[in-house]
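K.L.:
Mind having a look at this structure? Questions to follow.
Protein chains: 4
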Amino acid sequence: MTTNGRKLTPRGKERRQQLLDHATQRFAETGYHPTSVADIVGGVGVGKGVFYWYFDSKEQLFLELLAEAQRDLRRTQRDAIASEDDPLRRLEIGIRAAFRWWAGHPEIMNLLQFAATEKQFRPALRQGQSVALGDAVTHLKEAIAEGRITDGDPEELAHAIIGLTGHLSRELVHRRGDDPERVADLAVTLLFDGLRGR
Amino acid sequence: MTTNGRKLTPRGKERRQQLLDHATQRFAETGYHPTSVADIVGGVGVGKGVFYWYFDSKEQLFLELLAEAQRDLRRTQRDAIASEDDPLRRLEIGIRAAFRWWAGHPEIMNLLQFAATEKQFRPALRQGQSVALGDAVTHLKEAIAEGRITDGDPEELAHAIIGLTGHLSRELVHRRGDDPERVADLAVTLLFDGLRGR
Amino acid sequence: MTTNGRKLTPRGKERRQQLLDHATQRFAETGYHPTSVADIVGGVGVGKGVFYWYFDSKEQLFLELLAEAQRDLRRTQRDAIASEDDPLRRLEIGIRAAFRWWAGHPEIMNLLQFAATEKQFRPALRQGQSVALGDAVTHLKEAIAEGRITDGDPEELAHAIIGLTGHLSRELVHRRGDDPERVADLAVTLLFDGLRGR
Amino acid sequence: MTTNGRKLTPRGKERRQQLLDHATQRFAETGYHPTSVADIVGGVGVGKGVFYWYFDSKEQLFLELLAEAQRDLRRTQRDAIASEDDPLRRLEIGIRAAFRWWAGHPEIMNLLQFAATEKQFRPALRQGQSVALGDAVTHLKEAIAEGRITDGDPEELAHAIIGLTGHLSRELVHRRGDDPERVADLAVTLLFDGLRGR
DNA sequence: GATGAATGAGTCTTCATTCAT
DNA sequence: CATGAATGAAGACTCATTCAT
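Protein chains in written order, with my numbering: chain F, 2 to 199; chain Z, 2 to 199; chain W, 2 to 199; chain X, 2 to 199.
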């Protein structure tokens, strides 16, 4: 799958996941660079070589984290939307699913944000983001075609949605500890009707 | 003040600014950690000692960049709003000023985003952000009191505004190269009236 | 004897030999140090434990390679010379046998050459070389006693013979792919009569 | 020149040379791989970073050693031959110059020999060797054309000369400590007239 | 006999920082 | 003020070797 091509025993898979999880925590809290491989293996309580048994490099591990997170969020949104046909409702459900997912993966946000700041990680990040963008754009186009929302460049609107969703997750859910469902309400209301309401 | 306490000749100030500017570029493009002090002084064409003549450390330089940027953005917004009394108009003008400022300082966004991902820089970042938040909250409270916008937690609304503004600046103005004024229009419309418009 | 003291089943002997052969190839092509134990077992398609079942260490394996090669070359020369009494002819036949042997074991040359460059392997190398030297010296002494060749330190002459033989094997037979018999002719002619001939 | 492109002060040049010399000693005695960068800088009594101030890597330093040695030997031979026109005499003088040069640089031989055993260093080695070969070939061709030596492939003869010269330098001069001039006599006599003499 | 996993000392290399000149 | 040189701690990574299963 996303491994370095080794066939792993169940015990091996567990170890690998332990390392992945621990690395995520550390990266999120302290930062990618300030977290050394020694920190990661130390936290799991294994020798240094173990890290390189499961991963090619610190960088590859990070890249894998990135890809997996983006994949997982999207899968979650997909599943949530699956049974809905109305484009505006799909959009809303997708947004709510995103808030829920972010609430369950607070550390990931830091990793994504960091990835955007370094040349070497931007391409990997961009890829996943353009997928998310594409999903939103699809719904927006339909909604515009149906006259349900005011005309506008769907890509721009999609960026607006993603920006709002991400920032509120970070600031209100993660930082302030607000209930993600409530914040999702706020986001949806604001996005659909604006500050002045209807 | 913003220096490490040395009195600088005009030439010295220039040197210092050169280093500051070059560091900003590099940090923004490559990342803070991947940019070495050697890179910075090399780009300016001076010896390594010069760097430590003007700055205490790489970290202190970064911190200064952060503080100065936040201060400058706020000053810009303040000046723009100064002659306006209507709270909703102040909000709008502030937003437009922000887009304009960001358009002129595309690199800064990366630095701020990075600062949020490392323990050691978060406090410095938070400080400036809470000021920006406070400004927006003030206007929002007034507007709510006047019944101009629907009731809601002004702090939450402020976060929404900042999130939207930042993300659109990054994605549309910086990345896509859109005209900041136009994107500001979009942001204001969206924030005030929502996707469904009035 | 030449093993690490284990009694091996036929299958075991084969495995052992596979490892020995593969290691020889890799050492010769890439070098001793750049070739890891993982490379060796990987090439044979077995687990790492197997290596340490048959050999005490990477170093011991290399030492064994060295000893075995020198032993085998000498055996070959001995057999070739066996039925000849004339010292000059014995010398010539020995030289030709050497060219033939080297032609069949091109990789060994690299190993011997490498062994000479590291403190830890020099003693093992020297041992075999002094044997080869002794053999040649014996014939040369006889030939000198019989007045068949000009007087001179037989040891020096032996070194000259070995140096020439080795270098021509390497450069002409191995590198250029020349026929070893023809190169042996050249070597013998040159050694016996010199560049100016008779 | 052969540096990593830094402009060095006199003191810098000296440091660099110290490192070069010390590395040569260690490489020759212990081997390239068993000699760590820490060993090299430790022997000179400087910090580890100094090494990387003057060289890009351990490998690059080795490569430079190789190139410089080959260049220097050739220069020496060139100078020795300069005033001589007779091809056979040029050959002889070149051989004698080689013995003298090797006598003064006993460590180099090990480095060259080692370089031949590792894939990554072979190209660099080959380059210099083909130059040496070409020089000898030139003289041999002339000598053959003049009928001074028996006909034969000059390249093969050149290899024979180089092989003999190198081996005798190593075994008799370096190892046994013989006088290089005397060994050169031996080599020249042997090469020109063979074991059986004239 | 064999394997995959683990160990940890050791390697090369980088880099913020200092300092003599 | 400025420079080139030096420092040395710290980092990523490798690899011979061991061992539980």
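Where a beta carbon is used, it is the ideal one built from N, C-alpha and C, also for glycine.
(1) What residues from the region 9–42 of chain W come within 9 Å of chain X, judged by C-beta to C-beta, listed N to C?
(2) Can the beta-carbon of Z:Leu134 be found closer than 8 Å to that of Z:Leu113?
(3) I'd like to know if W:Phe100 contacts chain X, where contact means its C-beta is closer than 8 Å to some C-beta of that chain.
(4) Between which two residues does the alpha helix (DSSP H) carrying F:Gly167 extend?
(5) Between the region 50–63 of chain F and the region 77–89 of chain F, do at least 3 Cβ pairs fall closer than 8 Å?
(6) Should F:Arg91 be labelled buried (16 or more other beta-carbon atoms within 10 Å of its own) or exposed?
(7) Taking DSSP as the reference, what is the three-state secondary structure of Z:Pro181?
(8) Please report how far the alpha carbon of F:Lys59 lies from the alpha carbon of W:Pro11, in whole angstroms.
(9) Using a C-beta to C-beta distance shorter than 8 Å, which residues of chain W count as neighbours of X:Ile150?
(10) Mind checking which residues open and close the alpha helix (DSSP H) that includes W:Ser131?
(11) To the nearest angstrom, report how far apart Z:Gly44 and Z:His23 are at their CA atoms.
(12) If you pair each beta-carbon of the region 178–188 of chain X with each one of the region 100–116 of chain X, do three or more pairs fall below 8 Å?
(13) How big is the Cα-Cα spacing for Z:Leu169 and W:Ile41?
(14) According to DSSP, is W:Ile1 part of a helix, a strand, or is it coil?
(15) So is X:Leu191 buried or exposed if we call it buried at 16+ other beta carbons inside 10 Å?
(16) Any idea what DSSP makes of X:Leu21, helix, strand or coil?
(17) What do you get for X:Pro124, buried or exposed, if any count of 16 or more other CB atoms within 10 angstroms of its CB means buried?
(18) Report the rounded CA-to-CA distance for Z:Met2 versus Z:Leu9, giving the unit in angstroms.
(19) Is it true that the CB of W:Ile162 sits closer than 8 Å to the CB of W:Ala144?
(20) Mind reading off the beta-carbon distance from F:Ala75 to F:Val132? Whole number of angstroms is fine, and I expect it under 8 Å.
(21) Hey, does F:Thr77 have any beta-carbon neighbour from chain Z nearer than 8 Å?
(22) One question on the structure: do Z:Gly95 and F:Gly164 come within less than 8 Å of each other, judged by their Cβ atoms?
(23) For X:Ala116, count neighbouring Cβ atoms within 10 angstroms of its own Cβ and tell me buried if that reaches 16, exposed if not.
(24) Rounded to the nearest angstrom, how far is the Cβ of X:Leu196 from that of W:Thr151, given a contact under 8 Å?
(25) Find the residues of chain X that neighbour W:Leu67, judging by a C-beta separation of less than 7 Å, and give them in chain order.
(26) Taking a contact to mean a Cβ-Cβ separation below 8 Å, would you say X:Ala70 touches X:Ile109 in this structure?
(27) What is the residue span of the alpha helix (DSSP H) that W:Gly32 lies within?
(28) With a cut-off of 8 Å, does the C-beta of X:Lys120 fall near any C-beta of chain W?
(29) Starting from F:Gln114, find everything on chain Z with Cβ-Cβ shorter than 7 Å and list it in chain order.
(30) Looking at the C-beta of F:Ile109, does it have a partner C-beta in chain Z at a distance below 8 Å?
(31) Could you tell me whether any Cβ in chain F is nearer than 8 Å to the Cβ of Z:His175?
(32) Quick check on Z:Phe160 - is its C-beta less than 8 Å from some C-beta in chain F?
(33) Give me the Cα-Cα distance between Z:Arg1 and F:Arg171, rounded to the nearest whole angstrom.
(34) With DSSP collapsed to three states, give me the class of X:Lys8.
(35) For W:His168, decide whether its Cβ has a neighbour in chain X, counting only Cβ atoms nearer than 8 Å.
(36) Between the C-alpha atoms of Z:His106 and Z:Val38, what's the straight-line distance to the nearest angstrom?
P.N.:
Here's the rundown:
(1) For the region 9–42 of chain W, the set of positions with a beta-carbon nearer than 9 Å to some beta-carbon of chain X reads Phe28, Ala29, Glu30, Thr31, Gly32, Tyr33, His34 and Pro35 in chain order.
(2) One-based indexing of the second sequence puts residue 134 of chain Z at position 133. One-based indexing of the second sequence puts residue 113 of chain Z at position 112. It is not a contact, given that the beta carbons lie outside the stated cut-off.
(3) As a position in the third sequence, residue 100 of chain W is number 99, starting the count at 1. W:Phe100 does not count as touching chain X.
(4) As a first step, residue 167 of chain F must be located in the first sequence, where it is residue number 166. Element bounds for F:Gly167: Pro155 to Leu169.
(5) Contact fails between the region 50–63 of chain F and the region 77–89 of chain F, because fewer than three Cβ pairs, one in each stretch, are under 8 Å apart.
(6) On the first sequence, position 90 is the one that residue 91 of chain F refers to. Looking at its Cβ environment, which holds 16 or more other Cβ atoms inside 10 Å, F:Arg91 is buried.
(7) Locating residue 181 of chain Z in the second sequence gives position 180, counting from the first residue. In this structure, Z:Pro181 counts as helix in the three-state DSSP scheme.
(8) Here residue 59 of chain F refers to the residue found at position 58 when the first sequence is read from its first residue. Here residue 11 of chain W refers to the residue found at position 10 when the third sequence is read from its first residue. So the alpha carbons of these two residues sit roughly 45 Å apart.
(9) Here residue 150 of chain X is taken as the residue at index 149 of the fourth sequence, counted from 1. Near X:Ile150 (Cβ distances below 8 Å), the residues of chain W are Leu196, Arg197 and Gly198.
(10) Along the third sequence, one-based indexing puts residue 131 of chain W at 130. Where W:Ser131 is concerned, the enclosing alpha helix (DSSP H) stretches over Arg123 to Ala146.
(11) As a working note, residue 44 of chain Z is residue 43 in the second sequence. As a working note, residue 23 of chain Z is residue 22 in the second sequence. Approximately 7 Å between the Cα atoms of the pair.
(12) The region 178–188 of chain X, when compared against the region 100–116 of chain X, does touch it at the 8 Å Cβ threshold.
(13) Along the second sequence, read from residue 1 onward, the residue named residue 169 of chain Z stands at position 168. Along the third sequence, read from residue 1 onward, the residue named residue 41 of chain W stands at position 40. Those two C-alpha atoms are separated by around 55 Å.
(14) Missing from the structure shown is residue 1 of chain W; chain W here goes from 2 to 199 and no further.
(15) As a first step, residue 191 of chain X is located in the fourth sequence; it is residue number 190 there, counting from the start. Classification of X:Leu191: buried, given that the 10 Å Cβ count is 16 or more.
(16) On the fourth sequence, residue 21 of chain X is found 20 positions in, with the first residue counted as 1. X:Leu21 carries a helical assignment under DSSP once its states are collapsed to helix, strand and coil.
(17) For the purposes of this step, residue 124 of chain X is taken as the residue at position 123 of the fourth sequence. X:Pro124 is exposed by the Cβ-count criterion.
(18) Position 1 of the second sequence, counted from the start, is the residue given in the question as residue 2 of chain Z. Position 8 of the second sequence, counted from the start, is the residue given in the question as residue 9 of chain Z. Only weak support is given to the placement of Z:Met2: the predicted model assigns it a pLDDT of 40, under 50, and the question is left unresolved by the model.
(19) Against the third sequence, residue 144 of chain W aligns to sequence position 143. Against the third sequence, residue 162 of chain W aligns to sequence position 161. Annotated as distal: W:Ala144 and W:Ile162, with beta-carbon spacing of 8 Å or more.
(20) Indexing the first sequence from 1 puts residue 75 of chain F at position 74. Indexing the first sequence from 1 puts residue 132 of chain F at position 131. It is Arg, not Ala, that sits at residue 75 of chain F in the sequence shown. Yes, F:Arg75 and F:Val132 are in contact; Cβ-Cβ is about 6 Å, under 8 Å.
(21) Translated into the one-based positions of the first sequence, residue 77 of chain F becomes position 76. Not one chain Z Cβ lies under 8 Å of F:Thr77.
(22) Locating residue 95 of chain Z in the second sequence gives position 94, counting from the first residue. Locating residue 164 of chain F in the first sequence gives position 163, counting from the first residue. Not in contact: Z:Gly95 and F:Gly164 (Cβ atoms no closer than 8 Å).
(23) By one-based count along the fourth sequence, residue 116 of chain X stands at place 115. X:Ala116 comes out buried.
(24) Taking the first residue of the fourth sequence as position 1, residue 196 of chain X is located at position 195. Taking the first residue of the third sequence as position 1, residue 151 of chain W is located at position 150. Between W:Thr151 and X:Leu196 the Cβ distance is about 7 Å, and since that is below 8 Å, they are a contact.
(25) One-based indexing of the third sequence puts residue 67 of chain W at position 66. In chain order: nothing, as chain X lies at least about 13 Å away.
(26) Residue numbering aside, residue 70 of chain X sits at position 69 when the fourth sequence is read from its first letter. Residue numbering aside, residue 109 of chain X sits at position 108 when the fourth sequence is read from its first letter. Cβ atoms of X:Ala70 and X:Ile109: closer than 8 Å.
(27) Indexing the third sequence from 1 puts residue 32 of chain W at position 31. Counting along the chain, W:Gly32 falls outside any alpha helix (DSSP H), and DSSP gives it neither H nor E.
(28) The residue you call residue 120 of chain X lines up with position 119 of the fourth sequence. The beta-carbon of X:Lys120 is placed less than 8 Å from the nearest beta-carbon of chain W.
(29) As a first step, residue 114 of chain F must be located in the first sequence, where it is residue number 113. In chain order: Gln114, Ala117 and Thr118.
(30) Numbered from its first residue, the first sequence carries residue 109 of chain F at position 108. Not closer than 8 Å to any Cβ of chain Z, the Cβ of F:Ile109 fails to qualify, so no.
(31) Start at 1 with the first residue of the second sequence, and residue 175 of chain Z comes out as number 174. Chain F, which has no Cβ nearer than 8 Å to the Cβ of Z:His175, makes this no.
(32) Walking along the second sequence from the start, residue 160 of chain Z turns up at place 159. Sequence inspection shows His at residue 160 of chain Z; the Phe mentioned does not correspond to that position. Yes, Z:His160 lies at the interface with chain F (some Cβ there is under 8 Å from its Cβ).
(33) For chain Z, the structure presents residues 2 to 199; residue 1 of chain Z sits outside this window and is missing.
(34) Within the fourth sequence, numbered from 1, the residue matching residue 8 of chain X stands at position 7. Under the three-state reduction of DSSP output, X:Lys8 falls in the coil class, being neither helix nor strand.
(35) Indexing the third sequence from 1 puts residue 168 of chain W at position 167. So yes, W:His168 belongs to the interface.
(36) For this step, residue 106 of chain Z is matched to residue 105 along the second sequence. For this step, residue 38 of chain Z is matched to residue 37 along the second sequence. So the two alpha carbons sit approximately 22 Å from each other.
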